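Chemist: So that you can map any letter, position 131 of the sequence shown is 131 in our numbering, and since no number is skipped, the others follow by simple counting. Beta carbons are placed, not taken as given, at the ideal position from N, Cα and C, and that holds for glycine. Keep in mind that this is a model prediction, so the values were computed, not measured.
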Amino acid sequence: MKFHFLRAQILESRKLYRQSVSELLEAGRGFLVLETPDPKLESKYRELIRKILNNPASPINLSDLDRQHPGSPLGDEVVFATAVRLGKIGDTETSRSYYRALIQNFPGSPHYQTAFDRLKTLYGQTIVDSKT
1 MKFHFLRAQI LESRKLYRQS VSELLEAGRG FLVLETPDPK LESKYRELIR KILNNPASPI
61 NLSDLDRQHP GSPLGDEVVF ATAVRLGKIG DTETSRSYYR ALIQNFPGSP HYQTAFDRLK
121 TLYGQTIVDS KT
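#1: Give me the Cα-Cα distance between Q19 and A8, rounded to the nearest whole angstrom.
#2: Hey, how far is the Cα of L102 from the Cα of S109?
#3: Just tell me which of L53, E93 and A81 has its CA closest to the CA of T15.
#4: Between G87 and the rest of its own chain, which residues show a CB-CB distance below 6 angstroms, the 5 nearest in sequence each way excluded?
#5: Among D38, Y123, S22 and T92, which has the Cα closest to the Cα of V49?
#6: Among E93, N105 and F106, whose alpha-carbon lies nearest the alpha-carbon of K120?
#7: By a C-beta neighbour count over all protein chains shown, 10 Å radius and 16 as the cutoff for buried, is A81 buried or exposed?
#8: Roughly how many angstroms separate the alpha carbons of K40 and V79, rounded to a whole number?
#9: Where Y99 and L74 are concerned, what is the direct C-alpha to C-alpha distance, given to the nearest angstrom?
#10: So within the segment 31 to 104, which uninterrupted alpha helix (DSSP H) runs reach at least 4 residues, ignoring any that extend past its ends?
#11: Who are the Cβ neighbours of Y45 in its own chain at under 7 angstroms, not counting the five residues just before and after it?
#12: Please classify H4: does DSSP put it in a helix, a strand, or coil?
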């Protein structure tokens with residue numbers, strides 16, 4: 001898994017952002033098969049994905065990345081970044097759908113609460129948290 005991380009770093013340094021994120025998402029599936037996942041390694045993967053997705057110089061079309069790597073435990077990063085980007089350009093309805101997808105498909109995501117709160121704000125009403 002460290003090989004994939006190094007490869008993703010090289011791709012990112014060469015400004016091959018889409019390929020870098022794709023490499024991380026694909027390699028992220030390895031976290032599912034580890035008997036004792038390494039939280040530090042997963043954190044490094046998440047940090048690099050966030051760095052790329054939040055970089056204004058990386059205009060990645062994110063909408064299909066999560067579909068190309070179904071089941072990746074790091075897919076929530078792409079879904080969340082897509083929701084945020086869509087919200088910034090005023091596409092509120094599509095942004096809502098991505099926040100809903102994150103809540104439904106990634107209940108253990110570090111972005112879960114933020115997505116839930118933003119969805120509540122976008123709807124301007126009370127939403128029942130499925131985790132409670």
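Modeler: Here's the rundown:
#1: For the pair Q19 and A8, the Cα-to-Cα distance works out to about 8 angstroms.
#2: Approximately 8 angstroms between the Cα atoms of the pair.
#3: Looking at the sequence provided, one finds Lys at residue 15 rather than Thr. The shortest C-alpha to C-alpha distance from K15 to any of L53, E93 and A81 is the one to L53.
#4: Within the same chain, G87 has close Cβ partners S95.
#5: First, the amino acid is wrong: residue 49 is Ile here, not Val. With distances taken between Cα atoms, I49 lies closest to S22.
#6: Checking every option, the nearest Cα to that of K120 belongs to E93.
#7: With 16 or more other CB atoms across the displayed protein chains lying within 10 angstroms of its CB, A81 is buried.
#8: Cα atoms of K40 and V79: separation of roughly 22 angstroms, rounded to the nearest angstrom.
#9: Between the alpha carbons of Y99 and L74 lies a gap of roughly 15 angstroms.
#10: Annotation note: the segment 31 to 104 contains the following uninterrupted alpha helix (DSSP H) runs of length 4 or greater, listed N- to C-terminal: 39 to 53, 65 to 68 and 75 to 88.
#11: So the list reads F5, L24, G28 and L74, once near-sequence residues are dropped.
#12: Helix at H4.
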